[in-house]
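Residues in the sequence shown are numbered from 372 upward in steps of one, following the numbering used here. Heads up: the structure comes next, in C-alpha cells.
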Amino acid sequence: MVERVITEKEKSKAVLVEQIKKQYEKQLKQQEEQNKNLQKQLKELTDSHKQETEKSNTQITALQKQLKEISDSNSSKDKTTQEEIRRLTDQIKKLVDNQTEQDKLTAKRIEVLNKQLADYQIKIDRYLKSIEDKDKQILELSKRRGCLGMVAAVFIGLFSIYMFFF
C-alpha cells in the first residue's frame, strides 16, 4: 500500500512537471512567433521604403531631365517657359519634401519595430531563465518527501506563470 501511494505521488509529480513544461513551451513558441512577425513587418517596411525611394528618384530624375530640356530648347526664356520651369521646380520640391517625410516616417517605424523586437528578445531571454530556475526549484521540491514539497512545486509553477503574464 505504501508503494502504491509513493508510485501515485511520483506519477502526479511527473504529470505536473510535464504540464508546466508544456505551458512554458507554448508561451515560448508564442513569443517566438511574435518575434518572427515583427521581423517580417520590418522587412516588408524596409522593402516598401526602398521601392518608394527608387520610384521617387526615377521621377525626380525624369523631371530634372525634362526641366533641362526645356531650359536648353528655349534660350529666349519667354514667360511660358519660365512658368513651366517654375511648375517643374515646384513638383521636384514637393517630391523631395514628400520623400524626406517618407524617410522620417519609415525611420520612426523601423525604430519602433526594432525596439519591439529588442523587448521581445529580452522577454524571451527572461522567460528562458525563469524556466531554468523553476525547473531547478521544482526538481528540488519534488525530491522532498511529503505533500508539502509537491504543493510548493505546484505553487511555484503556477506563480511563475502568473508573474510572466501580469
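Backbone N, C-alpha and C fix where the C-beta goes; we use that ideal spot for every residue, glycine too.
The three-state reading of DSSP puts Asp449 in coil, since its state is none of H, G, I, E or B. Excluding the 5 residues flanking it on each side, Leu434 has same chain C-beta neighbours closer than 7 Å at Leu459, Gln462, Ile463, in chain order.
Annotation for Ile502: Tyr395 place their beta carbon closer than 7 Å to its own, counting only its chain and skipping 5 residues before and after. The beta carbon of Asn406 lies closer than 6 Å to those of Tyr491 in the same chain, with the five residues before and after it left out. Between Ile431 and Ile441, the gap from beta carbon to beta carbon reaches 8 Å or more. With contacts defined as CB atoms closer than 8 Å, Gln410 and Leu488 qualify as a contacting pair.
Cα atoms of Asp443 and Gln437: separation of roughly 10 Å, rounded to the nearest angstrom.
Contact annotation: Ile509 and Val388 have beta-carbon atoms nearer than 8 Å. With distances taken between CA atoms, Ile495 lies nearest to Glu404 out of Val373, Glu404, Leu413.
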